[in-house]
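*Asks:*
Spelled out as structure tokens, the structure:
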């Protein structure tokens, strides 16, 4: 914890306002001071804080390069664009994901091809990936759903066998690990989100990581209108060193104000992860004996960051997912539906995808409150309500 940074709220006590928040950014005075310092410096975009944030983020991921962008969506789009993926190409992707994963494929001009998931982990089923490959397939975009790493080794093997590229959608999975390796070091390119609900957040933003330095240089140009010199490099150059624009780019930059906040977040990362692990362990222990609610399944070789905690109704549940959510809401306990089935949304129904696991998970799952500012007392209210629902139907 850096100097002047206030500790996180203790899980042992609740705040004066005992209402339960579903999710909340873990911000304090350190983040406020970091943003103010960037503003006072006068260097609010493309400056030293961004350079430091990218460097430290890359180290956490075990990657050579990190490229800050304005969102996960703009980052993933830049990668697909730089790979030349577009009209006539197919990208295999799970439907069970926030719709941004699918939308970005369409933004690039390509066609999403939906694969089913493992109903235990909610992650893409490698066997179904292979079934969906056609001569038009160019890429695979697996998702590390809810912070739980997918079977990226199996995905990489399939990609290598068919000459495909892999973009790992790790929007939720910063600081998760897979077989002792950090997410971000496992695919050719990985893209993270820095949205307000993520473990590390800058409010909005994203980060691309890769070991390919020439590719990283190109992505930095593309995020800034294709400019050959960054603002930071141009600042230290001679006055007659002019930039050029070798290709058409975009304005997908992240600010130094956000980077300053991100640096403060990295300073408290381990504390935030410990808090989330503690809450996840308490939820899982309480749900282990629940007659019709199942805790998430975590393979023994992966360590999630517990960005979210999603549970499933078993087939013999005496009420629907929506009824559970309504009952909890009446008790002052906020929930969210589980991860959506993107192929059932209007823009993608034309695909007529047959994804039984995806549809079963989407209609029977919900997410419980999860964030470091939660207290154990508040979590006990959530757990108590879930137990009460079980007891109510076993009288």
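In our numbering, the protein residues as written are 421 to 815.
Positions of the beta carbon are idealized from the N, C-alpha and C atoms, including for glycine.
Could you check whether the region 438-456 touches the region 790-805, counting it as contact only if at least three pairs of C-beta atoms, one from each stretch, sit closer than 8 Å?
*Replies:* yes
*Asks:* Using 9 Å as the threshold, is the C-beta distance between residue 611 and residue 499 below it?
*Replies:* Contact: yes.
*Asks:* Which residue's Cα is closest to the Cα of residue 597: 779, 722, 810?
*Replies:* For residue 597, the nearest C-alpha among the options comes from 722.
*Asks:* On the three-state DSSP scale, how would you describe residue 613?
*Replies:* strand
*Asks:* Mapping DSSP to helix, strand and coil, what is residue 682?
*Replies:* helix
*Asks:* For residue 737, I'd like the list of residues in its chain whose CB is within less than 6 Å of its CB, leaving aside the five on either flank, ordered along the chain.
*Replies:* 712
*Asks:* Which whole runs of the alpha helix (DSSP H) in the region 579-610 are 4 residues long or more, in chain order?
*Replies:* none
*Asks:* Less than 9 Å between the beta carbons of residue 639 and residue 797, yes or no?
*Replies:* no
*Asks:* Any idea what DSSP makes of residue 432, helix, strand or coil?
*Replies:* Summary for residue 432: the model assigns pLDDT 49, below 50, so the residue's position carries little reliability; its value from the coordinates is reported in the next sentence. Residue state, collapsed to three classes: coil.
*Asks:* What are the boundary residues of the alpha helix (DSSP H) that residue 744 is part of?
*Replies:* 741-750
*Asks:* Report the residue from 751, 744, 496 whose alpha carbon sits nearest the alpha carbon of residue 626.
*Replies:* 496
*Asks:* Hey, out of 668, 487, 579, whose CA is closest to residue 613's CA?
*Replies:* Comparing C-alpha distances from residue 613 to each of 668, 487, 579 shows the shortest one belongs to 487.
*Asks:* What would DSSP say about residue 727, mapped onto helix, strand or coil?
*Replies:* coil
*Asks:* Do you know how far the Cα of residue 691 is from the Cα of residue 464?
*Replies:* 28 Å
*Asks:* Here's the rule: buried if 16 or more other CB atoms are within 10 angstroms of the residue's CB, otherwise exposed. What is residue 673?
*Replies:* buried
*Asks:* From this set, 681, 545, 644, which residue's C-alpha is nearest residue 664's C-alpha?
*Replies:* 644
*Asks:* Which residue or residues does DSSP assign as beta-bridge partners of residue 512?
*Replies:* 533, 560
*Asks:* Pull up the CB-CB distance for residue 607 and residue 620, whole angstroms please, since I reckon it's below 8 Å.
*Replies:* The Cβ separation is near 19 Å, so there is no contact.
*Asks:* Per DSSP, residue 478 is paired with what?
*Replies:* Residue pairing by DSSP places residue 478 opposite no residue, since no beta bridge is assigned to it.
*Asks:* Where do the N-terminal and C-terminal ends of the alpha helix (DSSP H) with residue 550 fall, by residue?
*Replies:* 546-552
*Asks:* Looking only at its chain, what residues have a beta carbon closer than 7 Å to the beta carbon of residue 590, apart from the 5 residues adjacent to it on each side?
*Replies:* 564, 603, 604, 610, 611, 612
*Asks:* I think residue 629 touches residue 481, with their Cβ atoms under 8 Å apart; what is that distance to the nearest whole Å?
*Replies:* 5 Å
*Asks:* Count the other CB atoms, across all protein chains shown, that sit within 10 Å of the CB of residue 433; report buried if there are 16 or more and exposed otherwise.
*Replies:* Only weak support is given to the placement of residue 433: the predicted model assigns it a pLDDT of 45, under 50, and the value that follows is read from those uncertain coordinates. Residue 433 is classed as exposed because its beta carbon has fewer than 16 other beta carbons within 10 Å across all chains shown.
*Asks:* So what does residue 623 bridge to, in DSSP terms?
*Replies:* 615
*Asks:* Using a 10 Å radius around the Cβ and a threshold of 16 neighbouring Cβ atoms, would you call residue 727 buried or exposed?
*Replies:* buried
*Asks:* Does the Cβ-Cβ distance between residue 524 and residue 560 come in under 9 Å?
*Replies:* no
*Asks:* By how many angstroms is the C-alpha of residue 601 removed from the C-alpha of residue 635?
*Replies:* Cα atoms of residue 635 and residue 601: separation of roughly 22 Å, rounded to the nearest angstrom.
*Asks:* For residue 755, which beta-bridge partners are listed by DSSP?
*Replies:* The partner list for residue 755 (beta bridge, DSSP) is empty, contrary to what the question assumes.
*Asks:* Tell me, please, which residues DSSP counts as bridged to residue 628.
*Replies:* 487, 611
*Asks:* Taking C-beta to C-beta, are residue 752 and residue 457 nearer than 9 Å?
*Replies:* no
*Asks:* Kindly list the residues whose CB is nearer than 8 Å to the CB of residue 466, restricted to its own chain and excluding five residues on each side of it in sequence; keep chain order.
*Replies:* Counting only Cβ-Cβ distances below 8 Å, and skipping sequence neighbours, we find 644, 650, 651, 652, 673, 676.
*Asks:* Is the Cβ-Cβ distance between residue 548 and residue 572 less than 9 Å?
*Replies:* Cβ atoms of residue 548 and residue 572: not closer than 9 Å.
*Asks:* Spatial neighbours of residue 427 within its chain, please: C-beta separation below 6 Å, excluding the five flanking residues on both sides.
*Replies:* Confidence at residue 427 is low in this model, with a pLDDT of 43, below 50, so the placement of that residue should be treated as unreliable; the coordinate-derived value is given next. Leaving aside the five residues that flank residue 427 on each side, none in its chain has a CB nearer than 6 Å to its CB.
*Asks:* Assuming the contact rule is C-beta atoms closer than 8 Å, residue 667 and residue 646 should be a hit. Round their C-beta distance to whole Å, please.
*Replies:* 5 Å
*Asks:* Report back the beta-carbon spacing between residue 766 and residue 534 to the nearest angstrom; my notes put them in contact at under 8 Å.
*Replies:* Not a contact, Cβ separation roughly 15 Å.
*Asks:* Just the C-alpha distance for residue 436 and residue 749, rounded to the nearest angstrom, thanks.
*Replies:* Here the model assigns residue 436 a pLDDT of 49, short of 50, so the residue's position is not dependable, and the following value carries that caveat. If I take the Cα positions, the gap works out to 21 Å.
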